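Data first, discussion second: the structure below is written as structure tokens.
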Amino acid sequence: MSTPLERVQPSDPRTTPVSPQLALRVAVLGGIAMVMFAIIFFRLWFLQVLSGEQYVQQANANDVRPLPIPAPRGQIFDRTGQPIVSSRTTNAVQIVPSALPPAGAPRLAVYRRLGALLGMRAGHIEELVIAGRNAVKYAPVTIKTDAGPGVLTVLAERQNEFPGVVQEPVSIRAYPFGEMAAQVLGYVGQVSKGELKKRAFQGVKQGTVVGQEGLEYYYDRYLRGRQGVRRVEVNAAGYPTPSSLKAIQPLAGHSLRVTLDLGLQREGERALLEGIERARAGGKPATAGAFTAIDPSNGEVLAMGSYPTFNPNKFAKPLTQAEYNALKGATSSSGEEAPAPLTNRAANGTYPTGSTFKPITAMGALEGGVINPGEALGAGQCIHVSTQQFCNSGHAEYGALDLVNALRVSSDTYFFETGELANSHGNVIQETARKLGIGEQTGIDLPSEITGIVPDRRWREHENQLQRECEHKQHSKPCGIVAEIRPWSVGDNMHLAVGQGDLITSPLQMAVAYSTLANAYMHNGYGTVVTPHLGMEIDEAKGGLVQSLSFPPVRHVHLNYSDLSLVMEGIHDAASQPGGTSFEVWSGWDQAQHPVYGKTGTAQHGTLNSGFTEDQSWYMCYVGDRSQIGQQRPIVIAVTVEKGGFGAETAAPIARLMASQWFGKPKRFVAGSSKTL
Amino acid sequence: MSPLSPIKPTEEAPVSPPRVLQWPLDPLLTLAVLGLGIASVVTLGAATRDLVPGQPHYYVDRQAIYLLVGALFMLTLSRLDYARLRQWKNGIYALLMFTILAVLGLGHTARGSQRAISLPFFSFQASELGKVLLILALSAFVVDRARRLRERDTTVRVMLAALVPAMFVIAQPDLGSGMVYVMVGLTLLFVAGTSWKHLTGLLALGVISLTFVLVAAPAAGVHVLKPYQVARLTAFLHPTTNAQKEGYQQEESKIAIGAGQKTGRGSSANQTKLNFVPEDHTDFIFAAVGEQYGFLGAGLVLCLYALLIWRALRILVMAKDLFGSLVAGGVAAMLMFQVFVNVGMTIGIMPITGVTLPLMSYGGSSVITTLLAVGLLQSIYVQARASAALKGRVPLY
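If you read the sequences in order, they're chains A and B. The first sequence stops at residue 804 when you use our numbering, and every number in between is there. The second sequence stops at residue 1064 when you use our numbering, and every number in between is there.
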């Protein structure tokens, strides 16, 4: 038998039971074990039971990361409900910073490969990643939006060559009409650090796309909606893992319906471009221009445009600094300042108006009792006041004319004389200009507009004072607030009377002033200074009305109806009677159905010292509507083309094209030959 | 029949062994091993589901196979008389040195360290198996010199026999196993009865050399340990100062365990599942246990270890001979050291040394080695019971 039991042989010295020494030492070992287990249990108790809550929070912070879900931005519709701004979904190439290979050569290699694929510099990609990671921790950084299907296929097929690079469907702002009304609509971009501090962006999270200009900015809090939160579980490498955490769905932005008329807007821009091209063909620089059309009865802006313009779609993708500078209108290498496409010249242009101001002068002079409308003034080529002489354009000789005819032919001598006479009556012209809406902000629903200047004695004093203070502070350095410190002169008033001198206004303010004249004329002298506006109503994304926007008039004015009638007759004659400055432009126009009250203007810039610059072409008109009551669509149109020549040759034909579009008439570009200012 | 014939157990005092003797294995020890094996598989099942894409059971399947193979080895060992192994001490020691050197020569490099030899099914970590080999060989040496334990020569020889393989293992580098070797050597001397004077001297020597290795030598520009090892060893002393580097793993492990709270996070145990705690299936598996099953689960696992260690110490006392006691003592030392250092490391009270958690950590070498060691304990238990029965003593648990 060889059972284990039998094979047992005592094989070492210990044959006795456990010795006391061994017992002691085993007890020591057991004691050590017990102490250690006690320590471990105590430590576990401390970690898991006493501080468990805190570690749960830390663990959650580790793996659950809130990522914003952008809210679909509200659409913008024109007055008839056609979408003019919407959003579209495209794929963006993004980088998950935490999933990139380690910093240094391997990561740079990924940047280089990606850069070669996307046509970007590796350094630029790196900058984007660093900036993005600082903006929103853990969120993927968008490198390129709308990269094109070819690139996306390469990325999808060769995923392992591009660790950390992902593609993500993103919604981007789309402007289907491209450059149309770009300055009015504005553009969008990620909210900047500075903007986050503004009240307008209260509650906006970093990385959100917000309106940066125009209506996109002004109505941003309606359009942007509320972003959702996707709670993503990520692993230690930062890659998202599938999880069942509930997301907070984003709230789509409201849509905005604006007063713009798509047809008129497009025609206005096309006509402006045509006018500019023709002016250029005629040898004029015609560098920039603007137009606006408003409804004189309520201030609804029917069209508003500015040239040069830009494509807001470009802002949907990251811009380079050079592209941005060009849009901002940075000085070009030749030293000449290029016109800035981002500027909305209709609301922010700072211009003298030339003769388009004359109806305002006339109104003021009549109201102030400075002139008698039947009295003939302005004989001769020039008016002489002390040593200065004030002449008609091209030294034309109109003879002494009454008010209506002076407006018809745009006699400068008549209005110089009026300005001279008015100077001794105080600020009658200035007060009327201000009453009608010049020299103050119109209150349009756009982020910025100019205030403008209607120069008078007090203004002059104020400027002188500033100049003196500045000179005192800066010693000999030029301040350039005013050319020379001198008191208000009669010459200043005479220049103002023809819309020159220190007058600064914008096409929009002029449109408001003409609207005031027009609606007062329609209502027996009781007019309103309208608040021009673009917003019409805010709707839910699905269509329900949220809020109608209302823009009450700035103020009510009362003009003497008989005086007003004479002024309106004068500018109606200018557009409809032989000899009128824009008579040729409106040839063939049905004045009976749509009477035109229009005034050309040719604003002169600069002085003889600063050299010759081409004159600025202006046209202001109110076109009445004698269709059936209830269907009337009167319109006030303001057009200006910088360095575009005489008002009749460039600006007025553009206005006619717009009016033709508005009233559905055949469109003809008819240049006038009037060489009046 | 000579009247002088010695005891005749079969006739005059027929052995009527109590029924418990029929147990072929130590029941409590087996229970602890079984419990830990199940705990390992269950924990790995949840923690490694997403580790190998498309193969959620990759680690569980393999660990189960390792456990089964190890269990077979354990059963086989338990049926053999461990005492025979004493005679083969030189061969065992030679095998130990050979495998360790072979790893240095042939081994493949995993994560910057050369610890294993790739076999067709399995990458063999010699330093793990070496633990058992060293326990056997050293125990045999000590038994041989049992009568000269008071001599300094014995102490020095035994410690050298432990230190030489330890140095080679540390050079692989596998600091954890090296420390186990040293610990086994010390414990064997302690159990065998080396004088307190010698033990105190060894302890002092240990403290001095540790200071030298961690502080003095790096300051002088000599790196006995690799700088990362020194950093890891000292990181637990100041975990928050370098939470991104050496302290990261430990900090994340503490978060995982703490987040387990009383009853665990179950399926949302993301700290370990999403790989915030690296190596959560091997060295840091206790973090996975703590996060998934909370204080309750971690406590249960610790109780199983306590049972295991208690049985090892109990078998030490029961052993029929000094060799058995020493082997049991060595195994107990190995288990105690690994459990305390590993668990201590996951809860932030011990440095990170790369010591596996016996039976729980994923890995064939570790699992099979531990089960071999348990097999030795079983054998000592069985032999002790048999011997005691032979002597008519009431067997003890």
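In this text, a Cβ means the ideal position worked out from N, Cα and C, and glycines have one as well. No experiment lies behind these values; they were computed from the predicted model shown.
Membership of C970(B) in the alpha helix (DSSP H) is indicated by the continuous run I952 to M985.
Of all alpha-carbon atoms in V673(A), Q181(A), A165(A) and V609(A), the one lying nearest the alpha-carbon of E919(B) is that of Q181(A). Across the structure, Q730(B) and L752(B) are spaced so that their CA atoms are roughly 28 Å apart. If only complete runs of 4 or more residues are kept, the stretch 980-1047 of chain B shows the alpha helix (DSSP H) at 989-1013, in order along the chain.
A residue is called buried when at least 16 other Cβ atoms come within 10 angstroms of its Cβ; R384(A) meets this threshold and is buried.
C597(A) sits in a helix when the DSSP states are folded into three classes.
Taking C-alpha positions only, M1012(B) is separated from F791(B) by approximately 25 Å. Each of L744(B), L739(B), A804(B) and L735(B) was checked against the Cα of L763(B), and the nearest Cα belongs to A804(B). At a cut-off of 8 Å between C-beta atoms, N189(A) counts as an interface residue with respect to chain B. Within chain B, the C-beta atoms nearer than 7 Å to that of L174(A) come from K921, I924, G925 and I1014, in chain order. Residue state for Y346(A) is assigned as coil, using DSSP reduced to three classes. Per the C-alpha coordinates, the member of G291(A), G409(A), I196(A) and Q339(A) positioned closest to R353(A) is I196(A).
A direct Cα-Cα distance of roughly 44 Å separates P679(A) from P193(A). In the DSSP annotation of this structure, the continuous segment of the beta strand (DSSP E) that includes Q743(A) starts and ends at Q743 to V750. Residue contact check for L1024(B) against chain A: no CB pair falls below 8 Å. Per DSSP, V220(A) is one residue of the beta strand (DSSP E) stretching across P210 to I222.
Residue contact check for V293(A) against chain B: no CB pair falls below 8 Å.
Interface flag for V359(A) against chain B is unset, since no Cβ pair is found closer than 8 Å. Among the residues of chain A, those whose CB is under 8 Å from the CB of K929(B) are Q175, V176 and G179, following chain order. Neighbourhood of R170(A) in chain B, by CB distance below 7 Å: I1014 and I1016, in chain order. Minimum Cα-Cα distance from Q755(A) among the listed residues I510(A), H721(A) and L378(A) corresponds to H721(A). Residues of chain A whose Cβ lies closer than 8 Å to the Cβ of A973(B) are, in chain order, A160 and F164. Look at Y648(A) here: in three-state DSSP terms it is helix.
The DSSP-derived three-state label of A301(A) is strand.
Around the beta carbon of Q1005(B), a 10 Å sphere encloses 16 or more other beta carbons of the protein chains shown; the residue is thus reported as buried. Sequence-ordered contacts of the stretch 928-947 of chain B with chain A read Q928, K929, N937, Q938, L941, N942 and F943 [C-beta pairs closer than 7 Å]. The CB of Q286(A) never comes closer than 7 Å to any CB in chain B; the least such distance is about 13 Å. When the five nearest sequence neighbours on each side are left out, the beta carbons in the same chain lying within less than 8 Å of the beta carbon of P210(A) are those of Q202, I203, F204 and P303, in order along the chain. Apart from sequence neighbours up to five positions away, the residues of its chain that approach I498(A) with a beta-carbon distance below 6 Å are A492 and T545, ordered along the chain. The C-beta of N651(A) has fewer than 16 other C-beta atoms within 10 Å across all chains shown, which makes the residue exposed. Interface with chain A (8 Å Cβ-Cβ cutoff): L703(B) is excluded.
In this structure, L993(B) places its C-beta atom within 8 Å of the C-beta atom of A859(B).
For P479(A) against K770(A), the beta-carbon gap comes to about 14 Å, at or over 8 Å, which does not count as contact. When C-beta atoms of the stretch 724-742 of chain B are compared with those of the stretch 709-716 of chain B, three or more pairs fall below 8 Å, so the two segments count as touching. Counting the other Cβ atoms within 10 Å of the Cβ of V428(A) gives 16 or more, which makes it buried. In the three-state scheme derived from DSSP, where H, G and I count as helix and E and B as strand, Q792(B) is classed as strand.
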